[in-house]
Structure formats: C-alpha cells, structure tokens
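>
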Amino acid sequence: MKEKPYKLGIMGGTFNPIHQGHLVAAEIIRDEFGLDEVLFVPSGKPPHKDNNEIAAPKHRWIMTVLATASNEYFSVSAIEIERKGESYTRDTLLELKKIYGEKTQFYFITGADAIAEISTWHKSENLPKLAKFIAASRPGYKLEWEKIDPRFRNFTYLIEIPALAISSTEIRKRVRENKTIKYLLPQAVEKYIYKNKLYQKGVGS
Ligand code: NAP
807 MKEKPYKLGI MGGTFNPIHQ GHLVAAEIIR DEFGLDEVLF VPSGKPPHKD NNEIAAPKHR
867 WIMTVLATAS NEYFSVSAIE IERKGESYTR DTLLELKKIY GEKTQFYFIT GADAIAEIST
927 WHKSENLPKL AKFIAASRPG YKLEWEKIDP RFRNFTYLIE IPALAISSTE IRKRVRENKT
987 IKYLLPQAVE KYIYKNKLYQ KGVGS
C-alpha cells in the first residue's frame, strides 16, 4: 500500500505580534487541507521591509511559542531568526526539505497581500517546485487571481479568513495609544508585550 505523504504547513510571517487571526487561519487551513503539522516560522529580517517598527526577532519568536503552545499540531521554528541576512522563503523551504525529507508536501501559508507580490521574491521561479502556496486574506482585502502572476496560479490557493480582521498593525497602534488589546491575542502574549514594553513608542526593542 502506498504511504500517505506527510503534509506540512509552513506559516510564514513577521508575527509583529502574533494574534488570534494568525492562529485561527492556521487552524482552519490545517483542518481544510488535512495538514499533519503547521510550523510557524517568524522571519528574522523580513525582505521588502522598513525594520523600524519591528520587535526584536527574539521577542517575536517567544511570543509565537507562547501563542502556539496549546495546539498539538502547531510548532515553531527559529531557522529564519538564526539565519544571517534577509529571510528568503526559498532558503527556508530548502532548509526545511533537508529536515523533513523530500517526500514531505509543503504548503507555505501567508497573507494574501504578500502572496500577491510573490513574483518579486528572491529566485521566485524556483518556488513552485518547492511548495504550494496558501494566501490567507482578511475581510475587505479582495485577492483576485489577476493579481497573481500566471506562473504561480496552479500552485496557489486563496482562502478568506474572517478572523484576520484582527491585524498586527492595529494591535501595535492600540498599544501605543494605551487602548486595550485583550482578546485580540492570547493572554500570555498580551502580558509578554507589556512586561517587555514592546510597541509602546512605536519601536520594538
Ligand atoms: P507582511 O507584509 O508583514 O504581511 C502582509 C499581510 O499578510 C499583512 O496583512 C499581514 O497581517 C498578513 N500576514 C502575514 N503573515 C501571515 C500569515 N502567516 N497568515 C495570515 N496572514 C498573514 O508580510 P511578511 O510577514 O513580511 O511576509 C510574509 C511571508 O512571506 C514571510 O514568511 C516572508 O519571509 C515571506 N516573504 C518572502 C520574500 C522573499 O523570499 N523574498 C519576500 C516577501 C515576503 P498581520 O500584519 O496582521 O500579520
């Protein structure tokens, strides 16, 4: 009998900070795509980004661990945090292939607006050989197929996640303005943000 391939979801993002929208998205996609595991990979130095408002990688990694600890299917990798230089998805997928083996099927999950730019990513022509891509969009953001480079359409799935109405940008703004962030993210992450004075002046330390 043919062995079923291991299906690995790779949840890529800055997670600045991780919130309930990310967790709901990962869980719904795990369920719908029959994934065996969802590995969260916080980016070290996100490409295409002004790093001014981004909390230190160590903080974003710890918050991701705190947020995912209670889900038996979720795990967290520090590979992008530990790698020097920009966090290119291609390098991450190649590294994970070595760890998980050639037979593992990879599903790279991230925000729809990031996927809309996929053709500009580092060595993007290699990406469809390495993984399928799942673009999670928030209500109000309509990701049309026309926005996706035709070369990637056969390898990309679009899914709307209502819980992604929550956004990291909004959470950071609320912290700066001394507004409540309760229930927008797990309580342990909320406490971690205050304990470490993250996002208070618009700068992650
Ligand atoms: P981003 O600009 O921070 O996020 C784009 C949008 O997607 C935001 O609305 C964001 O919402 C949402 N989002 C981010 N990660 C998500 C996730 N896992 N699930 C659902 N929504 C998500 O994007 P980014 O974090 O820099 O990049 C996303 C991923 O693409 C990262 O893994 C990054 O390394 C990769 N990427 C690779 C390249 C490359 O290889 N050259 C270039 C660009 C991006 P929130 O702000 O609420 O999270």
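Taken in order, the sequence shown gives residues 807 to 1011; the numbers are from my numbering. Ideal Cβ placement from N, Cα and C applies to all residues, glycine included.
1) Count the other CB atoms within 10 Å of the CB of Y1000; is the residue buried (16 or more) or exposed (fewer)?
2) For Y989, which option in G917, A873 and H865 has the closest C-alpha, if you only look at C-alpha atoms?
3) Taking 7 Å as the limit between beta carbons, can you name the residues of its chain near K929, skipping five residues before and five after?
4) Are there any heavy atoms of the ligand NAP lying less than 7 Å away from the beta-carbon of L894, as far as the coordinates show?
5) Quick check on T820: buried or exposed, where buried means 16 or more other Cβ atoms within 10 Å of its Cβ?
6) For N960, which of W951, V830 and Y879 has the nearest alpha-carbon?
7) Could you check if E966 belongs to the surroundings of the ligand NAP, using beta carbon to heavy atom distance under 7 Å?
8) Should D919 be listed as close to the ligand NAP, given that the test is whether its C-beta is under 7 Å from any heavy atom?
9) Measuring straight from C-alpha to C-alpha, what distance separates V871 and S893?
10) Excluding sequence positions up to five away, which residues of its chain have a Cβ less than 7 Å from the Cβ of I972?
11) Cβ of F914 within 8 Å of Cβ of G818?
12) Considering Cα atoms alone, identify which of E838, K935, L964 and S881 is closest to R944.
13) With a threshold of 7 Å (Cβ to nearest heavy atom), would L829 be considered close to the ligand NAP?
The relevant details are as follows:
1) exposed
2) Of G917, A873 and H865, the residue nearest in Cα terms is A873.
3) So the list reads R896, once near-sequence residues are dropped.
4) For the sequence presented, residue 894 should be read as Tyr rather than Leu. Y894: yes, Cβ under 7 Å from the ligand NAP.
5) Buried: at least 16 other Cβ atoms inside 10 Å.
6) W951
7) No, the Cβ of E966 stays beyond 7 Å of every heavy atom of the ligand NAP.
8) yes
9) Each residue's alpha carbon lies about 19 Å from the other.
10) H825, Q826, G827 and L990
11) yes
12) L964
13) no
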